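Notes for the one structure printed next.
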Amino acid sequence: MGKSYRVLVAGGSGFLGSHLCERLINEGNRVICVDNFCTGREENLASLLQHPRFSLIRHDITAPIDVEVDAIYNLASPASPIHYQKDPIQTAKTSCLGALHLLELARRLGCKIFQASTSEVYGDPFLHPQPESYWGHVNPIGLRSCYDEGKRMAETLFFDYHRVHGVKIKVGRIFNTYGPRMDPQDGRVVSNFIVQALQDAAMTVYGKGEQTRSFCYVDDLIEAIVRFMKTPDFVTGPINLGNPTEYRVIDLAHQIVALTKSPSKILFCPLPSDDPKQRRPDINLAKQLLDWEPRVPLEQGLMHTINYFEREIKSPAFS
Ligand code: NAD
Ligand code: UDP
22 MGKSYRVLVA
32 GGSGFLGSHL
42 CERLINEGNR
52 VICVDNFCTG
62 REENLASLLQ
72 HPRFSLIRHD
82 ITAPIDVEVD
92 AIYNLASPAS
102 PIHYQKDPIQ
112 TAKTSCLGAL
122 HLLELARRLG
132 CKIFQASTSE
142 VYGDPFLHPQ
152 PESYWGHVNP
162 IGLRSCYDEG
172 KRMAETLFFD
182 YHRVHGVKIK
192 VGRIFNTYGP
202 RMDPQDGRVV
212 SNFIVQALQD
222 AAMTVYGKGE
232 QTRSFCYVDD
242 LIEAIVRFMK
252 TPDFVTGPIN
262 LGNPTEYRVI
272 DLAHQIVALT
282 KSPSKILFCP
292 LPSDDPKQRR
302 PDINLAKQLL
312 DWEPRVPLEQ
322 GLMHTINYFE
332 REIKSPAFS
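To convert, count from 1 in the sequence shown and add 21; that's our numbering.
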């Protein structure tokens with residue numbers, strides 16, 4: 022076990038945040054989770070709530086926060102299109118004001134800060150696969166803009182705090198990640214399809230399902246974030262973090278039907294506006310700078326996730 026740090030994880034009760042908190046605790050650190058629980062769930066932290074090195078602060082990062090820590094991870098933001106579009110102004114505020122407040126804290130403390138950015142900064146990309154040098158193709162006034170442009174503004178603030186104040190930043194552009202502890206009702210494709218298949222319900226494929234995504238298993242993603250945070254200060258990113266194996270949404274639906282042995286049929290539904298047609302990370306930079314690449318193949322990751330949702334669906338809390 023290495024040196025022990027005091028770490029703040031904003032958004033720590035969410036899907037990715039809870040896995041990150043667990044990993045940081047297992048490495049011997051003290052973890053302060055800050056969350057407003059808009060999409061996070063306390064049950065995600067079940068294994069940590071009684072831990073002596075873990076504490077939880079209910080706080081909205083659109084307001085300033087002052088704690089004494091050695092490192093900050095900013096994962097606070099709804100990530101599912103359904104959730105981030107429900108209150109788009111709050112989503113934009115979370116990205117912009119949240120980044121501002123946490124960067125101010127990092128500046129005062131002189132500590133490193135990780136930003137959970139996203140492949141959405143590339144929008145509906147013309148360049149495929151997407152390298153970090155690509156500036157993207159983003160609609161600034163559409164339904165996804167609160168999230169996409171919010172995350173782009175957050176990246177801008179991170180790089181300006183780095184240039185102006187010398188803040189030690191780590192900007193990771195996360196591509197679609199899945200795994201246990203996704204909220205069964207948050208509307209993302211992997212959780213929707215698995216829950217539908219397990220309940221023998223229709224599989225809601227949007228459009229013709231020809232659009233592509235590249236799915237990264239959560240353990241691989243957390244490993245990348247932890248490695249990134251340990252890089253020397255000059256490694257700022259942005260670095261793409263994701264799995265470069267690309268699938269059509271329709272093929273994902275068929276694969277989940279096969280793995281769950283479900284009788285579910287495909288139901289084609291309208292394609293949401295501005296839904297990116299293709300998405301695959303170029304991860305050469307992550308390979309080179311983090312000595313990292315994903316290890317968990319889709320089928321294996323899906324089986325772990327299916328097992329998780331099977332238990333969730335049987336629990337009394339699931340309605
Ligand atoms: P999630 O919705 O499960 O978790 C987000 C967490 O942030 C929740 O616990 C939520 O309550 C909290 N939060 C939201 N607004 C907040 C605020 N104003 N103040 C305090 N807490 C707030 O989503 P996730 O999949 O775990 O995503 C985590 C981060 O990673 C997000 O920033 C997201 O944009 C980014 N990301 C995720 C993916 C993915 O595929 N999972 C892809 C790209 C980027
Ligand atoms: N999708 C789908 N059916 C669903 C949910 C999503 O076909 O029930 C599609 C969606 O249109 C998108 C892809 O799956 O093309 C990924 O959607 P998700 O919301 O998981 O993430 P996004 O990458 O769009 O942010």
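Using N, Cα and C, we set each Cβ at its ideal position, and we do this for glycine too. Just so you know, these numbers come straight off a predicted model, no measurement behind them.
Exposure label - residue i; buried when at least 16 CB within 10 Å
i: Asn11; result: Residue 11 lies beyond the stretch modelled for the chain, which goes from 22 to 340, so this question has no answer here.
i: Gln206; result: exposed
i: Ile334; result: exposed
i: Gly131; result: exposed
i: Thr326; result: buried
i: Ser140; result: buried
i: Thr165; result: Sequence inspection shows Arg at residue 165; the Thr mentioned does not correspond to that position. With 16 or more other Cβ atoms within 10 Å, it is buried.
i: Lys308; result: exposed
i: Gln136; result: buried
i: Asn213; result: buried
Reduced DSSP category for residue i - H, G, I as helix; E, B as strand; rest coil
i: Val88; result: coil
i: Glu231; result: coil
i: Ser101; result: coil
i: Tyr199; result: strand
i: Pro265; result: coil
i: Gly33; result: coil
i: Asp296; result: coil
i: Tyr155; result: coil
i: Lys172; result: helix
beta-carbon residue i near the ligand UDP non-hydrogen atom, thresh 7 Å
i: Asp145; result: no
i: Arg209; result: yes
i: Thr225; result: yes
i: Asn264; result: no
i: Gln220; result: no
i: Arg129; result: no
i: Pro291; result: no
i: Asn261; result: no
Distance cut-off 7 Å: residue i Cβ against heavy atoms of the ligand NAD
i: Asp81; result: yes
i: Ala100; result: yes
i: Ala113; result: no
i: His104; result: yes
i: Leu37; result: yes
i: Ala245; result: no
i: Gly171; result: no
i: Asp204; result: yes
i: Asn197; result: yes
CB contact check: residue i to chain D, cutoff 8 Å
i: Thr83; result: Considering every chain present, this structure includes no chain D. It has just one protein chain.
For residue i, the nearest candidate out of the options (CA to CA)
i: Val142; options: Asn50, Pro297, Thr225; result: Pro297
i: Tyr199; options: Gly33, Val30, Leu319, Asn57; result: Leu319
i: Ile190; options: Ala127, Asn305, Glu331; result: Ala127
i: Gln151; options: Leu164, Tyr26, Arg301; result: Arg301
i: His80; options: Gly119, Glu89, Arg74, Leu45; result: Gly119
i: Ala67; options: Ser34, Lys229, Asn328; result: Ser34
i: Lys114; options: Thr83, Gly144, Gln106; result: Thr83
i: Ile260; options: Ser98, Gly61, Tyr155; result: Tyr155
i: Arg44; options: Asn57, Ile134, Leu69, Phe147; result: Leu69
i: Lys24; options: Asn47, Glu125, Cys42; result: Asn47
i: Ile78; options: Lys251, Ala31, Pro337, His104; result: Ala31
i: Phe255; options: Phe75, Glu170, Arg184, Arg62; result: Arg184
Check: residue i C-beta below 7 Å from any heavy atom of the ligand NAP
i: Asp56; result: The model depicted lacks the ligand NAP and carries the ligand NAD and the ligand UDP instead.
Residue i versus residue j: straight-line alpha-carbon distance, rounded
i: Glu176; j: Cys59; result: 22 Å
i: Ile215; j: Leu288; result: 14 Å
i: Pro102; j: Gly322; result: 22 Å
i: Ala223; j: Arg209; result: 15 Å
i: Gln220; j: Asn264; result: 28 Å
i: Val55; j: Ala92; result: 13 Å
i: Lys286; j: Pro161; result: 36 Å
i: Asn328; j: Asn95; result: 29 Å
i: Cys290; j: Tyr26; result: 48 Å
i: Arg129; j: His40; result: 27 Å
i: Pro201; j: Phe330; result: 7 Å
i: Gly193; j: Asn50; result: 21 Å
i: Glu64; j: Met203; result: 12 Å
i: Met174; j: Lys282; result: 44 Å
i: Val239; j: Leu37; result: 7 Å
i: Leu292; j: Tyr227; result: 5 Å
i: Val159; j: His275; result: 30 Å
i: Pro85; j: Glu125; result: 9 Å
i: Ile110; j: Cys117; result: 11 Å
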